[in-house]
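Reading the sequence shown from the start, the letters are residues 8 to 950 in my numbering. A short worksheet on the structure shown next.
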Amino acid sequence: MKINYKIIVVTLLLVQSIFAQKGEVTGKLIDVDFQDPVAFANILIKGTTTGTTSDFDGIYTIPLDEGTYTITYSFLGYKTVEITDVIIKPGEVTTVDVSMETLAEGLDEVVVSVSVKKNTETAVLGIQKKAVNVLDGISAETFKKSGSGNVASAIKTVPGVSVQGGKYVYVRGLGDRYTKSILNGVDIPGLDPDRNTIQLDIFPTNIIDNVLVLKSSSADLPADFTGGMVNIVTKDYPTKKEYSLSLSGTYNPDMHFNGDYLDYDGGGSDFLGFDDGTRDVPINENQDIPNTYDYDPRLTTITKQFNPVLGSMRSNNGMDYSLGFTLGNQFNVGEGENRLGFLASVSYKNSTTYYEGAENNFYRRNSDKSVFELETDRTQRGDIGENNVLVSGLLGTSFKTARSKYKLNLLHLQNGESTAGVFNQTLNFSDFVNFAKDNIEYTQRSITNALLTGTHTSEDASWLSEWALSPTLSKIEDKDVRTTSFQVEDGVYAIAQNNQPKRIWRDLEEINGVAKLDFTKKYELGQKDAKLKFGAYGSYKTRDFSILNFEIQSSNFPTVNYEGDANNILLEENLWTVSNNSGSHIDPDISISEPANTYEAAQQNIAGYVSNEFKVGTKLRTILGLRMEKFESTYTGEDNKDINDPEKVIFDNETIIDEFDFFPTANLIYELTEQVNLRGSYARTTARPSFKEASIAKIFDPLSSNTFIGNINLQPTYINNFDFRIEWFGESAEMIALSSFYKKFKDPIELTYFESSTDNFQPQNLGDADVIGLEFEVRKNLGFIAPVLSNLSFNVNTSIIKSTQIYSDQERNLRELGLRDGQTLGNDRELQGQSPFLINTGINYEGEANGMQMGLFYNVQGKTLQVVGNGFVPDVYTMPYHNLNFNLTKTFGENNNQSINFKIANLMNDDVESEYESFGATNKTFSKRSPGRAFSIGYSIKF
Numbered sequence: 008m009k010i011n012y013k014i015i016v017v018t019l020l021l022v023q024s025i026f027a028q029k030g031e032v033t034g035k036l037i038d039v040d041f042q043d044p045v046a047f048a049n050i051l052i053k054g055t056t057t058g059t060t061s062d063f064d065g066i067y068t069i070p071l072d073e074g075t076y077t078i079t080y081s082f083l084g085y086k087t088v089e090i091t092d093v094i095i096k097p098g099e100v101t102t103v104d105v106s107m108e109t110l111a112e113g114l115d116e117v118v119v120s121v122s123v124k125k126n127t128e129t130a131v132l133g134i135q136k137k138a139v140n141v142l143d144g145i146s147a148e149t150f151k152k153s154g155s156g157n158v159a160s161a162i163k164t165v166p167g168v169s170v171q172g173g174k175y176v177y178v179r180g181l182g183d184r185y186t187k188s189i190l191n192g193v194d195i196p197g198l199d200p201d202r203n204t205i206q207l208d209i210f211p212t213n214i215i216d217n218v219l220v221l222k223s224s225s226a227d228l229p230a231d232f233t234g235g236m237v238n239i240v241t242k243d244y245p246t247k248k249e250y251s252l253s254l255s256g257t258y259n260p261d262m263h264f265n266g267d268y269l270d271y272d273g274g275g276s277d278f279l280g281f282d283d284g285t286r287d288v289p290i291n292e293n294q295d296i297p298n299t300y301d302y303d304p305r306l307t308t309i310t311k312q313f314n315p316v317l318g319s320m321r322s323n324n325g326m327d328y329s330l331g332f333t334l335g336n337q338f339n340v341g342e343g344e345n346r347l348g349f350l351a352s353v354s355y356k357n358s359t360t361y362y363e364g365a366e367n368n369f370y371r372r373n374s375d376k377s378v379f380e381l382e383t384d385r386t387q388r389g390d391i392g393e394n395n396v397l398v399s400g401l402l403g404t405s406f407k408t409a410r411s412k413y414k415l416n417l418l419h420l421q422n423g424e425s426t427a428g429v430f431n432q433t434l435n436f437s438d439f440v441n442f443a444k445d446n447i448e449y450t451q452r453s454i455t456n457a458l459l460t461g462t463h464t465s466e467d468a469s470w471l472s473e474w475a476l477s478p479t480l481s482k483i484e485d486k487d488v489r490t491t492s493f494q495v496e497d498g499v500y501a502i503a504q505n506n507q508p509k510r511i512w513r514d515l516e517e518i519n520g521v522a523k524l525d526f527t528k529k530y531e532l533g534q535k536d537a538k539l540k541f542g543a544y545g546s547y548k549t550r551d552f553s554i555l556n557f558e559i560q561s562s563n564f565p566t567v568n569y570e571g572d573a574n575n576i577l578l579e580e581n582l583w584t585v586s587n588n589s590g591s592h593i594d595p596d597i598s599i600s601e602p603a604n605t606y607e608a609a610q611q612n613i614a615g616y617v618s619n620e621f622k623v624g625t626k627l628r629t630i631l632g633l634r635m636e637k638f639e640s641t642y643t644g645e646d647n648k649d650i651n652d653p654e655k656v657i658f659d660n661e662t663i664i665d666e667f668d669f670f671p672t673a674n675l676i677y678e679l680t681e682q683v684n685l686r687g688s689y690a691r692t693t694a695r696p697s698f699k700e701a702s703i704a705k706i707f708d709p710l711s712s713n714t715f716i717g718n719i720n721l722q723p724t725y726i727n728n729f730d731f732r733i734e735w736f737g738e739s740a741e742m743i744a745l746s747s748f749y750k751k752f753k754d755p756i757e758l759t760y761f762e763s764s765t766d767n768f769q770p771q772n773l774g775d776a777d778v779i780g781l782e783f784e785v786r787k788n789l790g791f792i793a794p795v796l797s798n799l800s801f802n803v804n805t806s807i808i809k810s811t812q813i814y815s816d817q818e819r820n821l822r823e824l825g826l827r828d829g830q831t832l833g834n835d836r837e838l839q840g841q842s843p844f845l846i847n848t849g850i851n852y853e854g855e856a857n858g859m860q861m862g863l864f865y866n867v868q869g870k871t872l873q874v875v876g877n878g879f880v881p882d883v884y885t886m887p888y889h890n891l892n893f894n895l896t897k898t899f900g901e902n903n904n905q906s907i908n909f910k911i912a913n914l915m916n917d918d919v920e921s922e923y924e925s926f927g928a929t930n931k932t933f934s935k936r937s938p939g940r941a942f943s944i945g946y947s948i949k950f
């Protein structure tokens, strides 16, 4: 027994030693022409009999002993690729992705031999060089180099892309309406469902495989994008068990550890991104509220149920911090090549901002046309404190067989934003009147999304079918928004009768379902490879929206007794009671729920498409397609007129938009040389109004005192898009590209002032528009100057854009009424939201030996029309924001599994500002925020 025991122990140790020496090489084979996986190709370790075949996804895996290898990749009809210097280390996974080119006519076999380092660069460039669409992208490898913690900070390096507010991506200077974000190829609403793009700072880079920015369309893509489409692709699962942990903190001297920070007493669960019920509506919306002359004690009881806090308080705040944890693994299941993998990720971000001297102002032109300077309508200046918490969780699993793959992703995002502000307001009635204003609010947002997908291939890989099902539940709740204004005169604070303290609850729930089915057939056309794609798409989403309003009245009570302190208004000694018949109480004469602010709406889009990709000759790739979409939008709601008023408007599930459209696409790629492509494309696309825009709702913003008014008569915008590009690809990820584009807009939707009120905004179709632009991009390694500079590279990409919006008759008439003496009116203006130029540039150092990466990156957009004027109210422009950032990342530890990252944001300390512009007048501030400089440090580890 002792001998047997020793034998067993020795055997186990030998087996453990043998397996401990094993490493692994894995990767994916891609057809460079069609960007499809090369299925069932042969992979062989040169000089041995060890090898395997790629699966239907083009993926292969080979366990190997420690050492340096040459690997050959071959398949009928393709050039054989030979990769040298593949280093395998024990316990590590080496990734080698390979781009495979088809053989030219008449050739039997060609062998292409490159080093593993050169091959990695070739694979990255191959996607962009051979893509059907004009696109740019960033991969997981790019995230590592830049040290970016989330997609929003990483995507800034993509040509033609800018990020607004650190969250939302704009492509080619076009606003949010014309840029679309999708997750794993499927629509998903963002935390602000009225935007077409989801905020990108919610996605940690450690769960992202790549991000692609498409600038031209094809028939298999949704038709509702114009500037660009951002496709965020999450990872399937790691090739081995892997854990990662990241921590970061950000300090802004202008915002953090500030004793003047503004806050208020909220709920106990605010730090988790949701309210614990503290801010729930305290009474039923159908509650009967007695009047003071009823002498009913219920009025006091109802008033006491409302939280008495109406004002903010000064306090100290901390710095921003975040943490994230990710784990994943894969397992062989049963016999054969079946694999089951999973990926789980949790992240938490807590940030505070403090804006001192923030401004929101309104100015107008004088009725006397000889007066050029703008007159004050309302000015507002004050301090704002904001605390934002974002919690995200992702759980994904994937099951793969020899010819099928199934994926299930579950995503939940939870966001809570608490805001407190104090302002000094000046209103110009017949004279200037001063107000002191308190504002506190809390917004709770959540998204729950499930995505189930399947991919199946035929035995010879000539047929590929893909399907997806994705339901999403999105909720936004504005919980107990409180606004209090005191009129200030000679140091005395009083509440004006028509300006009572307000309490607002807004509730939005949106359900979104998407289903899609795609088929791809590879075949030969004229003895050349061709590809036919066709499929169907369906989406259905509904929205329920409601607003509850309450106001606080002071009856038989001098409001000067509150001494200008909003928190004194609902003190128990100041409440109205039957016995004193004086004091504060909920106003029974205010309509709790106005009909216009409660609506239900639905949008349905059914689509089908067909696309064919083929070659004309040996140089010209042609992709022609046609997409059909049947879009319908219905609305249920009514205006605020009395039910007996003959002019009352009632919508009962009425169709407000019903369009059946054809969207043709054409993409041509001519290969001038192996390094130079000439591209041309055409596509018809659309931009549709959001639920909020195509409504009769009136939504008040207490922070700026603006009101958004819906427009039930809005119609979709249609755009004809033309793109041309010449691009050169060099070594070491070098590229030079010159692009031009032209876009013809029919009925663009723009935000403009409501005719009868200068502090109300409304979306309108304001005439046709044209956009023409040039893009120039250079990515170049500086080693051509001197070898010592080979670790340095720079990139410059700039867009110059001219937009022309033809005045509608209504807008022309209004503008002519407000013309100043000597001022003339042309036929057009800029398109709202379109920047006239965009510059992205940066210089980057990458030290492969020392694990150091650092870069300086600059971004700016030109002056952009933000709000369209209406004659006596001038246009508002967003002014250029010069954003200069520094980034430093150092990797260290075993296999460089740890990194430290240091960043400085807004090195130039620029302000975010919008201004009124008027003929012959000095510019006036519309809004202003000072974000200050932010210093961040982060640490991450993989184990």
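In this text, a Cβ means the ideal position worked out from N, Cα and C, and glycines have one as well. No experiment lies behind these values; they were computed from the predicted model shown.
Proximal residues to residue i (C-beta, below 8 Å), its chain only, five neighbours per side dropped
| i | result |
| --- | --- |
| Gln830 | Phe926, Gly927 |
| Gly58 | Asn49, Ile50, Leu51, Ile52, Ile69 |
| Phe564 | Asn581, Trp583, Ser589, Gly590, Ser591 |
Nearest-angstrom Cβ-Cβ length linking residue i and residue j, presumed shorter than 8 Å
| i | j | result |
| --- | --- | --- |
| Asn574 | Leu317 | 6 Å |
| Pro723 | Ile664 | 7 Å |
| Gly632 | Tyr606 | Not really, about 37 Å apart at Cβ, beyond 8 Å. |
| Asp216 | Thr241 | 6 Å |
| Val39 | Arg371 | 60 Å between Cβ atoms; not a contact. |
| Tyr85 | Val32 | Actually they are not in contact, since the Cβ atoms of Tyr85 and Val32 sit about 20 Å apart, beyond 8 Å. |
| Ala690 | Asn720 | Contact flag wrong, Cβ pair sits at about 27 Å. |
Alpha carbon of residue i to alpha carbon of residue j, nearest angstrom
| i | j | result |
| --- | --- | --- |
| Gly2 | Leu420 | With the chain running from 8 to 950 in the structure shown, residue 2 is simply not present. |
| Thr91 | Arg410 | 30 Å |
| Gly840 | Tyr725 | 16 Å |
| Pro938 | Asp64 | 46 Å |
| Gly364 | Asp918 | 12 Å |
| Ser600 | Asn431 | 30 Å |
| Thr932 | Arg179 | 26 Å |
| Asp754 | Leu773 | 6 Å |
| Gly348 | Leu402 | 11 Å |
| Asn612 | Leu36 | 35 Å |
| Leu758 | Phe768 | 7 Å |
| Thr871 | Arg695 | 22 Å |
Buried or exposed by the 16-neighbour rule on C-beta atoms within 10 Å, applied to residue i
| i | result |
| --- | --- |
| Thr662 | exposed |
| Glu700 | buried |
| Arg305 | exposed |
| Lys509 | buried |
| Gly113 | Summary for Gly113: the model assigns pLDDT 48, below 50, so the residue's position carries little reliability; its value from the coordinates is reported in the next sentence. Classification of Gly113: exposed, given that the 10 Å Cβ count is below 16. |
| Lys626 | exposed |
| Asp72 | exposed |
Own chain partners of residue i with C-beta closer than 6 Å, once the 5 adjacent residues on each side are dropped
| i | result |
| --- | --- |
| Tyr449 | Arg286, Ser425, Lys486 |
| Tyr76 | Ile52, Val93 |
| Ser7 | As shown, the chain starts at 8 and ends at 950. That puts residue 7 outside it, with no answer to give. |
| Glu99 | Gly30 |
| Phe942 | Tyr258, Ile911 |
| Ser810 | Val778, Glu837, Leu838, Gln841 |
| Phe338 | Leu347 |
How about the stretch 263-271 and the stretch 380-393: do they share at least three Cβ pairs that are nearer than 8 Å?
Flag = yes, the stretch 263-271 and the stretch 380-393 touch.
Kindly confirm or deny that the stretch 676-687 and the stretch 731-746 touch, where touching means at least three C-beta pairs closer than 8 Å.
With a cut-off of 8 Å, the stretch 731-746 and the stretch 676-687 count as touching, because enough Cβ pairs lie within range.
When you compare the stretch 897-912 with the stretch 850-866, are there three or more beta-carbon pairs, one atom per stretch, that lie closer than 8 Å?
Segments in contact, yes.
Could you tell me whether the stretch 469-481 touches the stretch 451-459, where touching means 3 or more Cβ pairs closer than 8 Å?
Yes, the stretch 469-481 touches the stretch 451-459.
Counting pairs of Cβ atoms below 8 Å between the stretch 243-251 and the stretch 224-232, do you hit three or more?
Output reads no: the stretch 224-232 does not touch the stretch 243-251.
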